[in-house]
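Chains Y and E are the protein sequences, given in the same order. In this text, residue positions in the first sequence follow this note's numbering: the first is 1, and each later residue adds one. In this text, residue positions in the second sequence follow this note's numbering: the first is 1001, and each later residue adds one. Presented below is the structure to which this report refers.
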Amino acid sequence: MLRENLISMPRCSRTGFSVLVTFGLAVMNLGCGNGPQAVFTYRPTTDDLISEANKAVTKTLTEDFGTPEKLVAWERFPINYGGVKGTVASTDGPAGSVTVSLEGDSAKISKNASLLWISGSQANGKSAETSVKGFNAETKTLQLASGAGAPSAGDRFVVGFGEDMQLGRVVYMKNCMHCHGVTGDGNGPTGKFLNPRPRDYRNGKFKFTSTQSQEKATRDDLHRIVQYGIPGTYMPSFLLLGERETTAVVEYIRWLAVRGEFEKRFVEELTNDYSQTAIKDSTDKAEKSYLEKKRNKEEAEKPLNLSKAIKAAGTAFKKYVDDKELDGAIEETANLLAAAWTQAETPEALVVPTSQRVEDTPESRERGRLLYMSNTTKCYTCHGPTGRGDGAATEDFWDKPGTNVKYPNRGLHDEWGNPLKPRNLTSGQYRGGRRPLDLFRRIRAGIKGTPMPAFGDTVLKEPQVWDIVNYVMSLPYQQKQPTAVKHPSETVANNEEKPAN
Amino acid sequence: MHWWFPGDGNAYSTLGGKIDDLFYLILVIVSVTFVGTSAALGYALWRGAAIKSDEKVWFSHGSHSLEVIWTIVPSAVLLFIALYQLDVWAEYRMKGFAKEKDGSPKVITVVAEVTARQFEWRIRYPANGKPLKPTPQPDDIYSVNELHVPTGGLVTITLRTDDVQHAFFVPMLRVKQDAVPGKMIPVWFDATMPGNYEMLCAELCGWGHYKMKAMLVAQSADDFEAWKDKASADQFDDGYRKPAE
């Protein structure tokens, strides 16, 4: 049972042109009793901030993104929160109704839908939020609820704002949350039992996309994953979810990804100066050098102890806020994310082959095999010389990115720190899709957040990529490894070798 | 009449009507039995309450004739059901193996291999004009949660599971078959009308059991072939589009 409680609250945001609106859903009853309350959790790095900074971050996140029960739609981001926008054309009609021009599908306007004034005299007044009594599609007249105030021609409004977002949340809570978690961190109740682990959206990265290596995922990519699932993982197909539900949940997931990455990037701005770990590190270092100097009988000032240092950082943070630097950081992060997600939807972001697939001949496969075994691509180091995903790289210990610390387990890891096996290309399962186009994109743009690199246009020319695609696609059906042509290194190095006893 | 049956109540397979008839037969038998035994019990209670305390009690325990009666009557009913349903069962589970009337072996064309896994159905079809091989072939066509079958004749699918036990269930066709790990189970059914039918997992297979909802799309043989051609073209799409001139 879901009780909907629409509490729309327009608010002037920092820049004035974007609208922040909250809409909520009171209590979600899961199962027989009241389930645990759904809450967005924060990253460990957020929790590590000193209390002043932590409060600022959590306040920003709550104000600009809301809670699972009371979402906030920050219009800065390219997310379809739902609703039909329009402009008042004239107010000549009978009292309480206006003629309008709509920018969307009028069929979406339901009776008693909410109406929100975006601009005009009503926008900041008491009657900024009202509702619609009905809509006549023929005469384009919108009947307003009593107390809607007196709008004038040219006023902009939105009907049913946030409806898609609310639907997306319901669909997400029903179908996705168990694995992907309320926050989209891949830490749902069943998440920890799965291998591979469910995707953590909070890096803003999705693995199987149609876009260039630096770009975000497109709506179509996410739509396809929700519809068809990811074979070989526990992401099932939700083909029968319904078009409206799928579209809504895709928007909700994009929004979760934006929220998560906003938190990540925003906290990264503050971590160096205002995290407890960083402060402890620097006080430890100062203490050490102080003792060192003292031992050498040099003049030295006693450094601050930890609690004093944290207090000092707190004062510094207040100045940081007063200097509007915090607001600047929020602005910058929001701009960056909005631009990135907008960019992903442009045609330039897509990886599209400019030539046809090279004909799938034994010669082409052989060329592909030689490229696969070559040191230009180094495919074999991970995927193995026979494509079974057992290359030498899977036996090594690898560094955690950005550190000198090695992972405790052998083998490759993804950006999320989970162990990752290179795909066994002989299994015939293709997580990102089995079309030649999908394989082409995997080679061209890599797999985001994993060691699978993007070969781009410089290392491999398009026909060469197609040769590799042809070779890889032939692997599951190969009875014997071709022995006709040997890799150059094999013929040179191994010819003289005698078999070991 | 059939309002309590799935969908609009009608069975959309040839065998479905017979299965419904069996259902009604058993329903009538158990109804009569239930009403009869309840009435007998009620009568016994009512009679017992009227017995005077000084009357001698009659114990039926150990009565040979009574024991014989209530052993033979239910046995006869069960035997009747067992024999009566034999034909439907044979048609559903065994006649696909049998020879044609002229003695030639029956040709079974398998439409698809349906693999259940937590929590979806993955389906593999042979390319148009080719038989389904037990192992994947380069030109096989794949779909997920959408099983396409031709109407107008018996179709066979090979049912498998990747992980735990599942059950292939199309309520509107009255088809149900468990999928057992390690087994490839042939399932025969037909769809009399083109249309979309709900396809479910009918064996609690894990926490996401409820998500295992799919669709069975019954199409005329021509439409089915056309769909396979289209699916194949989509699957082997290289993404190259000739630039508009």
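Note that CB positions come from ideal geometry on N, CA and C, so glycine has one too. Please read these numbers as outputs of a predicted model, since none were measured by experiment.
Bridge partners - residue i, DSSP secondary structure assignment
{"i": "His413(Y)", "result": "Pro419(Y)"}
{"i": "Ser97(Y)", "result": "Gln143(Y)"}
{"i": "Met1215(E)", "result": "Glu1146(E) and Glu1198(E)"}
{"i": "Arg435(Y)", "result": "In the DSSP output, where bridge partners are listed per residue, Arg435(Y) has none listed."}
{"i": "Thr1158(E)", "result": "Glu1113(E) and Pro1186(E)"}
{"i": "Tyr1125(E)", "result": "Ile1141(E)"}
{"i": "Arg156(Y)", "result": "Thr87(Y)"}
{"i": "Pro1105(E)", "result": "Lys1099(E)"}
{"i": "Lys406(Y)", "result": "Asp399(Y)"}
{"i": "Thr211(Y)", "result": "Leu350(Y)"}
{"i": "Leu102(Y)", "result": "Gly86(Y)"}
Neighbourhood of residue i by C-beta distance below 7 Å, restricted to the same chain and skipping five residues each side
{"i": "Ser119(Y)", "result": "Asp155 and Arg156"}
{"i": "Lys1018(E)", "result": "Val1088"}
{"i": "Glu490(Y)", "result": "Residue confidence for Glu490(Y) is low, a pLDDT of 46 falling below 50, so the modelled location carries little weight and cannot support an answer."}
{"i": "Pro453(Y)", "result": "Gly446"}
{"i": "Ala300(Y)", "result": "Tyr290, Lys293 and Lys294"}
{"i": "Asn409(Y)", "result": "Pro419"}
Extent of the continuous alpha helix (DSSP H) run through residue i
{"i": "Met473(Y)", "result": "Glu462 to Ser474"}
{"i": "Ala286(Y)", "result": "Gln276 to Arg295"}
{"i": "Ala393(Y)", "result": "Ala393(Y) -> no alpha helix (DSSP H), and no H or E assigned at all."}
{"i": "Asp1178(E)", "result": "Careful: Asp1178(E) lies outside any alpha helix (DSSP H), inside the beta strand (DSSP E) at Val1175 to Ala1179."}
{"i": "Ala339(Y)", "result": "Glu325 to Ala344"}
{"i": "Arg1117(E)", "result": "Note, Arg1117(E): premise wrong, no alpha helix (DSSP H); beta strand (DSSP E) at Val1110 to Arg1117."}
{"i": "Val170(Y)", "result": "Glu163 to Asn175"}
{"i": "Arg1047(E)", "result": "Thr1014 to Ala1050"}
{"i": "Ile1081(E)", "result": "His1064 to Tyr1084"}
{"i": "Ser51(Y)", "result": "Ser51 to Phe65"}
{"i": "Arg365(Y)", "result": "Pro362 to Tyr372"}
{"i": "His223(Y)", "result": "Arg219 to Tyr228"}
Same chain, Cβ closer than 6 Å to residue i, five either side skipped, listed in chain order
{"i": "Phe1169(E)", "result": "Lys1176, Leu1200 and Ala1202"}
{"i": "Arg1122(E)", "result": "Thr1115 and Val1144"}
{"i": "Val27(Y)", "result": "Caution is warranted here: a pLDDT of 39 is assigned to Val27(Y), below 50, making its placement in the model unreliable, and no coordinate value can be reported."}
{"i": "Thr283(Y)", "result": "Leu306 and Ala309"}
{"i": "Ala145(Y)", "result": "Thr130, Ser131 and Lys133"}
{"i": "Pro236(Y)", "result": "Gly229"}
{"i": "Trp466(Y)", "result": "Arg357 and Val358"}
{"i": "Glu1100(E)", "result": "Lys1106"}
{"i": "Leu256(Y)", "result": "Gly184 and Tyr201"}
{"i": "Ile279(Y)", "result": "Ala309, Ile310 and Ala313"}
{"i": "Ala1112(E)", "result": "Ile1123, Tyr1125 and Ile1157"}
Own chain, CB closer than 8 Å to residue i, minus 5 neighbours either side, in chain order
{"i": "Arg14(Y)", "result": "With a pLDDT of 37 at Arg14(Y), under the threshold of 50, the predicted position of this residue should be treated as unreliable, and no value is reported."}
{"i": "Leu337(Y)", "result": "Phe77, Gly204, Val258, Glu261, Phe262 and Arg265"}
{"i": "Lys421(Y)", "result": "Gly389, Thr394, Gly411 and Leu412"}
{"i": "Ala1226(E)", "result": "none"}
{"i": "Trp1003(E)", "result": "Gly1009"}
N- and C-terminal bounds of the beta strand (DSSP E) containing residue i
{"i": "Ser90(Y)", "result": "Val84 to Ser90"}
{"i": "Gly1195(E)", "result": "Gly1195 to Cys1201"}
{"i": "Phe1189(E)", "result": "Ile1185 to Phe1189"}
{"i": "Gly314(Y)", "result": "Per DSSP, Gly314(Y) belongs to no beta strand (DSSP E); it is in the alpha helix (DSSP H), Leu306 to Asp322."}
{"i": "Phe1169(E)", "result": "His1166 to Val1170"}
{"i": "Ala1226(E)", "result": "Per DSSP, Ala1226(E) belongs to no beta strand (DSSP E); it is in the alpha helix (DSSP H), Ala1221 to Gln1235."}
{"i": "Gly132(Y)", "result": "For the record, residue 132(Y) in the displayed sequence is Val; it is not Gly. Glu129 to Asn136 is the extent of the beta strand (DSSP E) around Val132(Y)."}
{"i": "Ser114(Y)", "result": "Ser114 to Trp117"}
Requested in this report: Could you run through the region 349–368 of chain Y and flag, in chain order, every residue whose CB is less than 7 Å away from some CB of chain E?
Outcome: Taking 7 Å as the Cβ-Cβ cut-off against chain E, the residues of the region 349–368 of chain Y that qualify are Val352, Pro353, Ser355, Gln356 and Arg357.
Query raised in the report: Using a beta-carbon distance cut-off of less than 9 Å, what residues from the region 439–467 of chain Y approach chain E?
Result: Flagged, chain order: Phe440, Arg441 and Trp466.
Report task. Name, going along the chain, the residues of the region 160–191 of chain Y whose beta-carbon falls closer than 8 Å to a beta-carbon of chain E. Result -> For chain E, the residues of the region 160–191 of chain Y that bring a beta carbon within less than 8 Å of one of its beta carbons are Asn175, His178 and Thr190, in chain order.
Query - Residues in the region 1200–1227 of chain E having any Cβ partner in chain Y nearer than 9 Å - result: Within the region 1200–1227 of chain E, those residues whose Cβ lies closer than 9 Å to any Cβ of chain Y are, in chain order, Trp1207, Gly1208, Lys1211, Met1212, Lys1213, Ala1214 and Met1215.
Query - At least 3 beta-carbon pairs within less than 8 Å: the region 201–209 of chain Y vs the region 434–450 of chain Y - result: Yes: the two stretches touch, three or more of their Cβ pairs being nearer than 8 Å.
Query raised in the report: In chain order, what residues of the region 198–212 of chain Y put their CB closer than 7 Å to some CB of chain E?
Result: Listed by position, the residues of the region 198–212 of chain Y near chain E (Cβ gap below 7 Å) amount to none.
Query - contact_flag[the region 378–392 of chain Y, the region 169–180 of chain Y] where n(CB pairs < 8 Å) is 3 or more - result: With the cut-off at 8 Å, the region 378–392 of chain Y and the region 169–180 of chain Y do not touch.
Query raised in the report: Looking at chain E, which residues of the region 407–440 of chain Y have a Cβ within less than 7 Å of any of its Cβ atoms?
Result: Of all residues in the region 407–440 of chain Y, only Gly428, Arg434, Arg435, Pro436, Leu437 and Phe440 place a beta-carbon less than 7 Å from a beta-carbon of chain E.
Report task. Please list the residues of the region 219–245 of chain Y that have a C-beta atom closer than 8 Å to any C-beta atom in chain E, keeping them in chain order. Result -> Taking 8 Å as the upper bound on Cβ-Cβ separation, chain E lies near residues Tyr228, Gly229, Pro231, Tyr234, Pro236, Ser237, Phe238, Leu239 and Leu240 of the region 219–245 of chain Y.
Query raised in the report: Is the region 1147–1167 of chain E in contact with the region 1100–1116 of chain E, if contact means three or more CB pairs nearer than 8 Å?
Result: Contact check between the region 1147–1167 of chain E and the region 1100–1116 of chain E: three or more CB pairs, one atom from each, fall below 8 Å, which counts as touching.
Query raised in the report: Using a beta-carbon distance cut-off of less than 8 Å, what residues from the region 1137–1168 of chain E approach chain Y?
Result: If the cut-off is 8 Å between Cβ atoms, the region 1137–1168 of chain E has Gln1137, Pro1138, Tyr1142, Val1144, Asn1145 and Glu1146 near chain Y.
Requested in this report: Please name the residues in the region 1111–1124 of chain E whose beta-carbon is closer than 9 Å to at least one beta-carbon of chain Y, in chain order.
Outcome: Close to chain Y, meaning a Cβ-Cβ distance shorter than 9 Å, are the following residues of the region 1111–1124 of chain E: Arg1117, Gln1118, Phe1119, Glu1120, Trp1121 and Arg1122.
Query raised in the report: Touching or not, the region 1140–1159 of chain E and the region 1179–1190 of chain E, by the rule of three or more beta carbon pairs under 8 Å?
Result: The region 1140–1159 of chain E makes contact with the region 1179–1190 of chain E: 3 or more CB pairs, one atom from each, lie closer than 8 Å.
Query raised in the report: Taking one C-beta from the region 416–431 of chain Y and one from the region 316–326 of chain Y each time, how about it: are there three or more such pairs within less than 8 Å?
Result: Put simply, the region 416–431 of chain Y does not touch the region 316–326 of chain Y. Fewer than three CB pairs are less than 8 Å apart.
Report task. May I ask you to verify whether the region 238–245 of chain Y touches the region 210–220 of chain Y, counting CB pairs closer than 8 Å and requiring at least 3? Result -> No, they do not touch.
Query raised in the report: Between the region 1215–1226 of chain E and the region 1028–1038 of chain E, do three or more beta carbon pairs fall short of 8 Å?
Result: Cβ pair count under 8 Å is below three, so no.
**Report entry** chain E contacts from the region 245–267 of chain Y (Cβ-Cβ distance under 8 Å)
**Finding:** Within the region 245–267 of chain Y, no residue has a Cβ that lies closer than 8 Å to any Cβ of chain E.
Query raised in the report: For the region 1184–1201 of chain E, which residues have a CB atom closer than 8 Å to at least one CB atom of chain Y, in sequence order?
Result: Taking 8 Å as the Cβ-Cβ cut-off against chain Y, none of the residues of the region 1184–1201 of chain E qualify.
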